[in-house]
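Q: Take a look at this one; I'll ask things after.
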Amino acid sequence: PRTDSAPAGDSAAPSPPDTSQGLRVAGWRDNVDLSTSSVTVTGNLQNPTQNPATSIALNVMLYGEDGTVLETRPADLEQSFLNPGASIRFEARFSDTLSFDTVGFDIQSRGFMSRPPEEEPGEDEGEAEGELDDEGDQS
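Residue numbers (my numbering): 86 to 224.
Here you go:
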């Protein structure tokens, strides 16, 4: 039986902390197929930040009732980059574990700032004003 906060197929399960540069799993489902003895986890990975993300990798983990990782698989992603506000579908197929308690996600990516952060008003004022004397001091 599952004891996490989301029943099987619910897309509102929490994700553990990650190195995602702000990416998050926005929804997921698991499907246990007894005829093929497999579990498939599908969902959406979202970039809610203001910056693009590249080199995206998502590992999906199945956990047992005692919290141990039973199996980990890399997810198949539609692409390895995400623009700000965009999302992509993912899928991970497990063939060795049918009985599990919950699903976890490990997201990794590299983020790029599209522009440098704006300076606060009053910062660095006056440093560019004035002339330098022979010793390099500002006058």
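Cβ atoms here follow ideal geometry from the backbone N, Cα and C, with glycine treated the same way.
Treat the numbers as computed from the prediction; the structure is a model and nothing was measured.
#1: In terms of residue numbering, what span does the beta strand (DSSP E) encompassing L155 cover?
#2: Given a cut-off of 7 angstroms on the beta-carbon distance, is the pair T125 and L147 in contact?
#3: Would you mind listing the beta strand (DSSP E) stretches within the stretch 164 to 188 that are 3+ residues and don't spill past its ends, in chain order?
#4: On a CA-only basis, which of A160, N132 and S172 is nearest G107? Give me that one, please.
#5: Taking the alpha-carbon positions, what's the G128 to D161 distance?
#6: Would you tell me roughly how many angstroms separate the C-alpha atoms of D151 and P137, rounded to the nearest one?
#7: Near R109, which residues of its chain fall below 6 angstroms by C-beta distance, leaving aside the five closest residues on each side in sequence?
#8: Whole angstroms is fine: what's the gap from P169's alpha carbon to Q135's?
#9: How many Å lie between E163 and S172 at the Cα?
A: The answer reads as follows:
#1: It spans V154 to P159 - the beta strand (DSSP E) in which L155 sits, taken as one unbroken run.
#2: Contact: no.
#3: Fully enclosed beta strand (DSSP E) runs of 3 or longer: 172 to 179.
#4: Closest option to G107, Cα to Cα, is N132.
#5: Spanning the two alpha carbons is a distance of roughly 11 angstroms.
#6: Between D151 and P137, the C-alpha separation is close to 37 angstroms.
#7: Excluding the 5 residues flanking it on each side, R109 has same chain C-beta neighbours closer than 6 angstroms at Q131, in chain order.
#8: Between P169 and Q135, the C-alpha separation is close to 5 angstroms.
#9: Cα-Cα distance, rounded: 10 angstroms.
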